[in-house]
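Worksheet for the structure shown next.
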Amino acid sequence: RKVGNRRKECQPNQSSKGVLGIPAGFKGKSKPNLLKQETSSLACGLRILFRMYMDESRTSAWEEVQQRLLNVCSEALSYFLTLTSESHREAWTNLLLLFLTKVLKISDERVS
27 RKVGNRRKEC QPNQSSKGVL GIPAGFKGKS KPNLLKQETS SLACGLRILF
77 RMYMDESRTS AWEEVQQRLL NVCSEALSYF LTLTSESHRE AWTNLLLLFL
127 TKVLKISDER VS
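With the working numbering, letter number 72 in the sequence shown gets 98, and the count goes up by one each step, no holes.
Next comes the structure, spelled out in structure tokens:
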């Protein structure tokens with residue numbers, strides 16, 4: 027027998043989950059807080075892009091990386107400005123510090 031077929035037999039389907047009182051897609055009684063994943067994944071992406079932008083061995087890709095950095099940073103800052111929850115804004119503090127620190131490390135020649 028195939029493993030996939032056996033796995034399907036062992037897992038309750040959506041209708042049986044409802045009968046059992048298990049909400050589809052969530053564990054526990056509340057929705058998951060994805061704030062940590064949101065900020066961690068964006069921080070990771072920014073670190074990668076900034077590292078590529080500063081890497082002397084990637085000069086041929088600098089223009090494309092610069093454009094991606096500008097897009098990601100612009101979208102992130104626009105999103106941050108729309109946040110109304112104080113706790114959500116506070117969770118973004120480290121992202122803003124990362125962004126500003128990385129920008130300050132870019133040489134003046136690269137910026138002008």
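Idealized CB from N, CA, C, for every residue including glycine. Please read these numbers as outputs of a predicted model, since none were measured by experiment.
> What's the C-alpha gap between residue 134 and residue 82?
Replying inline: To locate residue 134, count along the sequence shown from 1; it is residue 108. To locate residue 82, count along the sequence shown from 1; it is residue 56. Taking the straight line joining both Cα atoms gives about 16 angstroms.
> By Cβ distance, which residues of its chain are closer than 7 angstroms to residue 124, with the 5 residues on each side in sequence left out?
Replying inline: The residue you call residue 124 lines up with position 98 of the sequence shown. Hits under 7 angstroms: 69 and 72.
> Do you know how far the Cα of residue 96 is from the Cα of residue 104?
Replying inline: Within the sequence shown, numbered from 1, the residue matching residue 104 stands at position 78. Within the sequence shown, numbered from 1, the residue matching residue 96 stands at position 70. Straight-line Cα distance between these residues: approximately 12 angstroms.
> What is the C-beta distance between residue 79 and residue 92, in whole angstroms, given that I count them as a contact (C-beta under 8 angstroms)?
Replying inline: Taking the first residue of the sequence shown as position 1, residue 79 is located at position 53. Taking the first residue of the sequence shown as position 1, residue 92 is located at position 66. Residue 79 to residue 92, Cβ: 6 angstroms. Contact.
> The alpha helix (DSSP H) with residue 113 in it runs from where to where?
Replying inline: Here residue 113 corresponds to residue number 87 of the sequence shown, with the count starting at 1. Residues 112-117.
>> Using only the alpha-carbon positions, how far apart do residue 13 and residue 77 sit?
In response: No answer is possible for residue 13: it lies beyond the span of the chain, which begins at 27 and ends at 138.
> By DSSP, does residue 121 sit in helix, in strand, or in coil?
Replying inline: Translated into the one-based positions of the sequence shown, residue 121 becomes position 95. Residue 121: helix per DSSP, three-state reduction.
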